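What follows is one structure encoded as structure tokens, with my remarks underneath.
Residue numbers (our numbering): 1248 to 1565.
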């Protein structure tokens, strides 16, 4: 079954149809793909946009209106599409067959997935990068947008945005703190976090929202225990739309290079990122209100005093 010619949003392009974006990866990867969904929504306003991804992160696209529906990429019948000449589940075959455009960011070096999809779907198939090229000087979100050029979509806004926070909201809200990430190499030592929060807590009326999941273990509880009674709320392992709602009510944000940091940036929070060994030019959140304090491989040597000073400069009155 030969796929149709891929056309853009001009007079001969699709006006009504279904567009599927397939995106695996962690939270940060998905947040950086939100500009793709936004560009598709703006360029094809009459088309339905669906996401095939991990339910916990795809829920953000639904909650923010970036996508109309989402499907679980971990569904077992999908395995046949990753085998050369695999047995293809009839229900999934019908699912792929309903789309006009399929944009995949899956790792598919031998085009096995794309070939199997083409057996059951006439959709125009676009292959995006599974992982952005860190050797490039182009930011990850811009690299993820490049496949849309085949649809004549150029100069799309590369900044991930999630609705839910007014520009002047939460001036008296807590400071959101995410003291972890997906890698210990990116994390500031817990002892430094404890010293920083103790310093910030000296400001009268200061409140903190400590955010994390399984990766943070008991770190959130230990840090909260070192603060005055009632000064800290712990938000652990909650659904991401709920986390986004809590973050939207915060005054600012402090964290590492992490998916939660990208989420806070997409909500427009001001804040400070303690940046470790990742390539900042490729991965930094694209939010003018977020400042990066880059330390490279010397993150553990960063003292609490300078961090506290930067937070107070970013959030006057703290």
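Just so you know, even glycine gets a beta-carbon here, dropped at the ideal spot from N, CA and C.
The structure presented is a predicted model; accordingly, all values stated were derived computationally and were not measured.
- Annotation for residue 1279: 1387, 1388, 1391, 1407 and 1509 place their beta carbon closer than 7 Å to its own, counting only its chain and skipping 5 residues before and after.
- Linking residue 1301 to residue 1470 through their CA atoms gives a straight-line distance of about 30 Å.
- Within the same chain, Cβ atoms closer than 8 Å to the Cβ of residue 1405 are found at 1282, 1386, 1388, 1389, 1392 and 1533, the five residues on either side in sequence being excluded.
- Contact annotation, residue 1273 with residue 1429: C-beta distance approximately 6 Å; criterion of less than 8 Å satisfied.
- Counting only unbroken stretches of 3 or more residues, the beta strand (DSSP E) elements lying wholly within the segment 1264 to 1323 are 1265 to 1270, 1295 to 1300 and 1316 to 1319, in sequence order.
- Pairing residue 1562 with residue 1497 gives a Cβ-Cβ distance that is not under 8 Å.
- Beta-bridge analysis with DSSP links residue 1374 to 1351.
- Residue 1372 has its alpha-carbon roughly 14 Å from the corresponding atom of residue 1264.
- Membership of residue 1487 in any beta strand (DSSP E) is not indicated; the residue belongs instead to the alpha helix (DSSP H) covering 1487 to 1495.
- By the 16-neighbour rule on beta-carbons within 10 angstroms, residue 1294 is buried.
- Here the segment 1328 to 1342 lies against the segment 1354 to 1370, with 3 or more beta-carbon pairs under 8 Å apart.
- According to DSSP, residue pairing for residue 1520 in a beta bridge involves 1502 and 1539.
- If you compare the alpha carbons of 1527, 1518, 1312 and 1482 with that of residue 1554, the shortest gap goes to 1518.
- Counting only residues of its own chain and dropping the five nearest sequence neighbours on each side, residue 1484 has a CB closer than 7 Å to the CB of 1460 and 1461.
- By the neighbour-count criterion, in which a residue is buried when 16 or more other Cβ atoms sit within 10 angstroms of its Cβ, residue 1426 is buried.
- The three-state reading of DSSP puts residue 1560 in helix, counting H, G and I together.
- Following the DSSP letters along the chain, one finds residue 1346 in no beta strand (DSSP E), marked with neither H nor E.
- Using a 10 angstroms sphere on the CB of residue 1491, the tally of other CB atoms reaches 16 or more, which defines it as buried.
- If you ignore the 5 residues before and after residue 1316, its C-beta comes within less than 6 Å of the C-beta of 1297, all in its own chain and listed in chain order.
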